[in-house]
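Take the sequence shown: its position 16, counted from the start at 1, is 16 in the UniProt record's numbering, and no numbers get skipped.
Ideal Cβ positions, reconstructed from N, Cα and C, are used throughout, including at glycine.
A quick note: this is a predicted structure, and the numbers were derived from the prediction, not measured.
What follows is one structure encoded as structure tokens, with my remarks underneath.
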Amino acid sequence: MGVEYHEVFIRNSRGVQLFTCRWLPFASPKALVFLCHGYGMECSRFMRGVGTKLANNGYAVFGIDYEGHGRSAGARCYIKKFDNIVNDCSEFFKSVCGKLPNALLVHK
């Protein structure tokens, strides 16, 4: 199996540029997986191994660097409000799911 890797910058609702990445299988994906990193981390380098492995096994994998983390804009590792991270991730996930047929977004 092969994997396509893509990097895309998006803007959140506050106008901040956020880095996103995705590992996609060449075949139609079995499911979508969204990776959320920890404080002070980033998605492209630290999650490369798991993203590649999941994509090689047929899953479409998506990651986002939080504001101030990784390659996203913002004061380094400064989180003004945790809700901003939650909202940014939710909006990104919804935008991905909205482009794919039969995508299901579940959160609590």
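Just to confirm, is the Cβ distance from residue i to residue j under 9 Å?
i, j, result
"leucine 32", "cysteine 43", "no"
"serine 72", "tyrosine 66", "yes"
Let's test the definition: count the other Cβ atoms within 10 Å of the Cβ of residue i and tell me whether it reaches 16, buried, or not, exposed.
i, result
"histidine 6", "exposed"
"histidine 107", "Caution applies to histidine 107, whose pLDDT of 44 falls short of 50 and renders its modelled position unreliable; the value that the coordinates give is listed next. With fewer than 16 Cβ atoms within 10 Å of its Cβ, histidine 107 is classed as exposed."
"glycine 74", "buried"
"glycine 38", "exposed"
"glycine 98", "exposed"
Nearest-angstrom Cα distance between residue i and residue j?
i, j, result
"phenylalanine 46", "valine 16", "22 Å"
"glycine 68", "valine 96", "22 Å"
"cysteine 89", "leucine 24", "19 Å"
"cysteine 21", "lysine 94", "15 Å"
"arginine 11", "leucine 18", "6 Å"
"glutamate 4", "phenylalanine 92", "19 Å"
"tyrosine 70", "arginine 14", "For the record, residue 70 in the displayed sequence is glycine; it is not tyrosine. Distance between the alpha carbons of glycine 70 and arginine 14: 18 Å."
"arginine 76", "serine 28", "37 Å"
"glycine 40", "lysine 80", "14 Å"
"phenylalanine 9", "lysine 30", "25 Å"
Assuming residue i and residue j are in contact, meaning their beta carbons sit under 8 Å apart, how far apart are those beta carbons, in whole angstroms?
i, j, result
"valine 61", "glycine 49", "Rounded, the Cβ-Cβ distance is 11 Å, inconsistent with contact."
"phenylalanine 26", "glycine 2", "5 Å"
Next item on the list: Spell out a yes or no on whether the stretch 78-86 and the stretch 47-57 are touching, meaning 3 or more CB-CB pairs, one atom from each, closer than 8 Å.
Entry: Because the criterion of three Cβ pairs below 8 Å is not met, the stretch 78-86 and the stretch 47-57 do not touch.
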